[in-house]
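Participant:
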Amino acid sequence: MRTWREYPAWLKGFSGEVPEERNTPEEIAAFEAATFHDRDKERRKIRVQAEGAGDAFRIVKTGDGYCVSGGSPGILYGTYALIRQLLTGEDVREGESRPSFSLRMLDGWDNMDGSVERGYSGRSLWFENGRFSYDRARIRQLGRMLASVGINVLCINNVNVHAPAQRLLDDMLGEAADFAAILRPFGIRLMLSVDFSQPMESSLSGCDPLDPEVRSWWERCAERVWSAIPDLAGFLVKADSEHRPGPNEYGRTHAEGANMLADAIAPYGGMLLWRAFVYNCMQDWRDTSVDRPCAAYEIYHPLDGMFRDNVILQVKYGPYDFQVREPVSPLFFGMDRTALAMELQLAQEYTGHQIDLFSMPPMWRELFDAICETHVDAVAAVSNLGRDANWTGHPFAALNLFAYGCFAWDRDSDPAAVIRSWIRLTYDFTEEEEEQLLRVLAKSRDVYEKYTSPLGLCWMVKPGVHYGPSPYGYEFDLWGTYNRADRNAVGIDRTAQGTGYVLQYPEKLRSVYEDPERCPEKLLLFFHRLPYSFRMRDGRTLIQRIYDDHFEGYEETLGMQRALEALPLPENDRDEILTRMAAQVKNAAEWRDVVNTFFFRFSGFADRDGRDIYP
Ligand code: GCU
Numbered sequence: 196m197r198t199w200r201e202y203p204a205w206l207k208g209f210s211g212e213v214p215e216e217r218n219t220p221e222e223i224a225a226f227e228a229a230t231f232h233d234r235d236k237e238r239r240k241i242r243v244q245a246e247g248a249g250d251a252f253r254i255v256k257t258g259d260g261y262c263v264s265g266g267s268p269g270i271l272y273g274t275y276a277l278i279r280q281l282l283t284g285e286d287v288r289e290g291e292s293r294p295s296f297s298l299r300m301l302d303g304w305d306n307m308d309g310s311v312e313r314g315y316s317g318r319s320l321w322f323e324n325g326r327f328s329y330d331r332a333r334i335r336q337l338g339r340m341l342a343s344v345g346i347n348v349l350c351i352n353n354v355n356v357h358a359p360a361q362r363l364l365d366d367m368l369g370e371a372a373d374f375a376a377i378l379r380p381f382g383i384r385l386m387l388s389v390d391f392s393q394p395m396e397s398s399l400s401g402c403d404p405l406d407p408e409v410r411s412w413w414e415r416c417a418e419r420v421w422s423a424i425p426d427l428a429g430f431l432v433k434a435d436s437e438h439r440p441g442p443n444e445y446g447r448t449h450a451e452g453a454n455m456l457a458d459a460i461a462p463y464g465g466m467l468l469w470r471a472f473v474y475n476c477m478q479d480w481r482d483t484s485v486d487r488p489c490a491a492y493e494i495y496h497p498l499d500g501m502f503r504d505n506v507i508l509q510v511k512y513g514p515y516d517f518q519v520r521e522p523v524s525p526l527f528f529g530m531d532r533t534a535l536a537m538e539l540q541l542a543q544e545y546t547g548h549q550i551d552l553f554s555m556p557p558m559w560r561e562l563f564d565a566i567c568e569t570h571v572d573a574v575a576a577v578s579n580l581g582r583d584a585n586w587t588g589h590p591f592a593a594l595n596l597f598a599y600g601c602f603a604w605d606r607d608s609d610p611a612a613v614i615r616s617w618i619r620l621t622y623d624f625t626e627e628e629e630e631q632l633l634r635v636l637a638k639s640r641d642v643y644e645k646y647t648s649p650l651g652l653c654w655m656v657k658p659g660v661h662y663g664p665s666p667y668g669y670e671f672d673l674w675g676t677y678n679r680a681d682r683n684a685v686g687i688d689r690t691a692q693g694t695g696y697v698l699q700y701p702e703k704l705r706s707v708y709e710d711p712e713r714c715p716e717k718l719l720l721f722f723h724r725l726p727y728s729f730r731m732r733d734g735r736t737l738i739q740r741i742y743d744d745h746f747e748g749y750e751e752t753l754g755m756q757r758a759l760e761a762l763p764l765p766e767n768d769r770d771e772i773l774t775r776m777a778a779q780v781k782n783a784a785e786w787r788d789v790v791n792t793f794f795f796r797f798s799g800f801a802d803r804d805g806r807d808i809y810p
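As numbered in my numbering, residues 196 to 810 make up the sequence shown, in order.
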């Protein structure tokens, strides 16, 4: 059995482990700098110079190497950034660097029984059988991986707080504090997901946020929690969402609910991350007056400006739920007076389960570009980590975690440059091999998108599991996830004449999205209901475009497979990668045939090129 020590992820060029006696960011920075020097053929020296506190750092060239200065933990980020640049042979970026976002969070959806919600890399790295259970050396290595890309907050438990996770705030607090202590030297602070109805676990009969008893319950809770973990980053809350309890049950608004918790944790500097993933998950599919993507904006926009300063509204990047292609959530344009976090999902729930390749940097580039004129104050990403020896199930999925850190530090990151750094820090390839892998990874999202739901339609996955095709699987369900395909047309009209969703965007975007002639084609069926004969900009019909994408997506998957087979992948990764690639090829064929047949049966249009579509 292979162990995690054989999979240093992108820390290949680093020394084995950080010794236990290195126990502050400054000491760890000094250790990494010294071991780099020992291993470096050019014997370049890195002098580290700690100055106060803070995330920022400065790199300056010296006669025999470099000097990194910065606060704590900035000094650590600077040392890692420099070593990364030296190991990859990139030009060293001298001068000061500070992060785009002060909170760079990784959200584990780990349950205390050891399972991970939407986890595709094995069991939890830190929970098992209702307790903390971990390999201390591995958690230190995790801290190092996260610090090496500047991630500074780890939420350790699932947003769906299942028993016994409530005990993290209580009799398991001591164990949580021990765990926090392992990560602290790496500049990582813990966060805990809490359940809005937690007071009812003990003595109280309700959890109305305006009830003084509820308030004082949370105040006592905060006092206990922060005295055990004084640097706890805060609480993360999923309320009134998918059957989780929340303030609405008491006729209170989300501002009232969030502010009550925020007040309780404010004296300790705690942040309240309040998720905006709220919609009616018990919708009647017959009711066309309700359109799920409208929900979050309708709820939160009227509350803008009403949240306490230590509340951050955590918004998924799109209005649905981590789909392959969604427009950016309109909340990013409609909450000027509220702090916002953008939530990404590294766990490949809808994006191939860490079997199919799906590299996220190109998608994030689009997202951050879309919101370049708005304020976003923090970023969070659902973790893709687990107990598998290689950390992320698919060795290439580690790229998404690495890249997330890079984008969280610098939201203007260049996807290709990030992918290239990851390849260089992970493998020993020639330039040509590196380019080959870069090409595969850089286009993997486009390929996946082509063979799955077409043109922003979303939700054609198998219900529940969310892997593989089921075009009508969510059509008659409760989740607000419909495509309403019939023999004439497909999609939902979200213009002013339709559900009105498009009106939630500022004029600049609205005018583009509402016009089928200007709407980005990849989002066409998100915003519009169109006949199969609709003419795309290149003259093809919509139905032909759907067929073509599905055939091409499959062919391109085969191309990726050939490219990977030709690469000299290291022996410990090779089987894993090629086995998953073979599964992806099968999955792509299934998607192609199911989706094409689905539309062929409805529309009756034959493929222009006479390719196989099963009647
Ligand atoms: C998705 C996912 C759930 C998760 C939810 C959330 O719907 O399927 O497992 O709980 O997102 O983000 O809260």
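Note that the Cβ used here is the ideal one computed from N, Cα and C, for glycine as well.
On a CA-only basis, which of P525, T587 and F746 is nearest L562? Give me that one, please.
Facilitator: P525
Participant: Whole angstroms is fine: what's the gap from R640's alpha carbon to E712's?
Facilitator: 24 angstroms
Participant: According to DSSP, which residues form a beta bridge with I507?
Facilitator: L468 and A534
Participant: Hey, quick one: how far does the alpha helix (DSSP H) through P268 stretch, first residue to last?
Facilitator: Counting along the chain, P268 falls outside any alpha helix (DSSP H), though it belongs to the beta strand (DSSP E) covering G260 to P268.
Participant: How far does the alpha helix (DSSP H) with F226 in it extend, from its first residue to its last?
Facilitator: P220 to R234
Participant: Inspect the beta-carbon positions of D426 and N352 and report whether they are closer than 7 angstroms.
Facilitator: no
Participant: Return the chain-ordered list of same chain residues with a C-beta closer than 8 angstroms to the C-beta of A784, the five sequence neighbours on each side being excluded.
Facilitator: Y749
Participant: Does the Cβ-Cβ distance between D250 and G273 come in under 7 angstroms?
Facilitator: no
Participant: Going by DSSP, what residues sit across from V389 in a beta bridge?
Facilitator: V432
Participant: Where do the N-terminal and C-terminal ends of the beta strand (DSSP E) with E628 fall, by residue?
Facilitator: Note, E628: premise wrong, no beta strand (DSSP E); alpha helix (DSSP H) at E626 to Y646.
Participant: Taking 7 angstroms as the threshold (beta carbon to beta carbon), is M530 in contact with chain C?
Facilitator: Here chain C cannot be found, since the structure has a single protein chain.
Participant: I want to know whether the stretch 284 to 292 touches the stretch 308 to 320 - three or more CB-CB distances under 8 angstroms.
Facilitator: The stretch 308 to 320 and the stretch 284 to 292 do not touch, with fewer than three beta-carbon pairs separated by less than 8 angstroms.
Participant: Within this structure, are the beta carbons of I614 and A592 separated by less than 7 angstroms?
Facilitator: no
Participant: For the ligand GCU, is there any heavy atom lying closer than 6 angstroms to the beta carbon of R313?
Facilitator: Remark: the shortest separation between the CB of R313 and any heavy atom of the ligand GCU falls under 6 angstroms.
Participant: Considering Cα atoms alone, identify which of L773, E766 and S388 is closest to W753.
Facilitator: Strictly speaking, residue 753 in this sequence is Leu, with Trp absent from that position. Comparing Cα positions, the closest option is L773.
Participant: Can you confirm whether the stretch 554 to 571 touches the stretch 597 to 616 when touching is taken to mean that 3 or more C-beta pairs between the two stretches lie within less than 8 angstroms?
Facilitator: Of all C-beta pairs linking the stretch 597 to 616 to the stretch 554 to 571, three or more are shorter than 8 angstroms, placing the two stretches in contact.
Participant: Under the rule that 16 or more other beta-carbon atoms within 10 Å means buried, what is Q393, buried or exposed?
Facilitator: buried
Participant: Can you determine whether any heavy atom of the ligand GCU sits closer than 6 angstroms to the C-beta of D302, and answer yes or no?
Facilitator: The answer is no for D302.
Participant: Buried or exposed, going by whether 16 or more other CB atoms sit within 10 Å of the CB of V656?
Facilitator: buried
Participant: By a C-beta neighbour count over all protein chains shown, 10 Å radius and 16 as the cutoff for buried, is R732 buried or exposed?
Facilitator: In summary, R732 is exposed, with fewer than 16 beta-carbon neighbours lying within 10 Å of its beta-carbon over all protein chains present.
Participant: Give every residue of the same chain whose Cβ lies closer than 7 angstroms to the Cβ of Q739, excluding the five residues on either side of it in the sequence, and list them in chain order.
Facilitator: R803
Participant: Return the chain-ordered list of same chain residues with a C-beta closer than 6 angstroms to the C-beta of S728, the five sequence neighbours on each side being excluded.
Facilitator: Exclusion of the five residues before and after S728 leaves T736 as the residues of its chain whose Cβ lies within less than 6 angstroms of its Cβ.
Participant: Between the alpha carbons of P294 and R481, how many angstroms are there, rounded?
Facilitator: 47 angstroms
Participant: I'd like to know whether the C-beta atoms of F527 and I566 end up nearer to each other than 7 angstroms.
Facilitator: yes
Participant: For the candidate residues Q756, H745 and R769, whose alpha-carbon lies nearest to that of F794?
Facilitator: H745
Participant: Could you tell me the alpha carbon to alpha carbon distance between F391 and R197, rounded to whole angstroms?
Facilitator: 41 angstroms
Participant: Is the stretch 206 to 213 close to the stretch 575 to 593, with three or more CB pairs under 8 angstroms?
Facilitator: By the criterion of at least three beta-carbon pairs nearer than 8 angstroms, the stretch 206 to 213 is not in contact with the stretch 575 to 593.
Participant: Consult DSSP for A801 and reduce its assignment to one of helix, strand or coil.
Facilitator: coil
Participant: Could you check whether the Cβ of V354 sits closer than 6 angstroms to any heavy atom belonging to the ligand GCU?
Facilitator: yes
Participant: Would you say the beta carbon of F472 is closer than 6 angstroms to some non-hydrogen atom of the ligand GCU?
Facilitator: The closest heavy atom of the ligand GCU lies less than 6 angstroms from the beta carbon of F472.
Participant: Straight-line CA distance for S267 to A342?
Facilitator: 12 angstroms
Participant: Say the cut is 6 angstroms; is the CB of D366 nearer than that to a heavy atom of the ligand GCU?
Facilitator: No, since every heavy atom of the ligand GCU falls outside the 6 angstroms radius drawn around the Cβ of D366.
Participant: Under 6 angstroms: does the beta carbon of D390 sit that close to some heavy atom of the ligand GCU?
Facilitator: no
Participant: The beta strand (DSSP E) with V409 in it runs from where to where?
Facilitator: Taken as a continuous stretch (DSSP letters only), V409 belongs to no beta strand (DSSP E), being part of the alpha helix (DSSP H) at P407 to A423.
Participant: What number of angstroms, rounded off, separates the C-alpha of C416 from the C-alpha of A332?
Facilitator: 31 angstroms
Participant: Would you be able to state if there are at least three C-beta pairs under 8 angstroms between the stretch 404 to 416 and the stretch 371 to 380?
Facilitator: no
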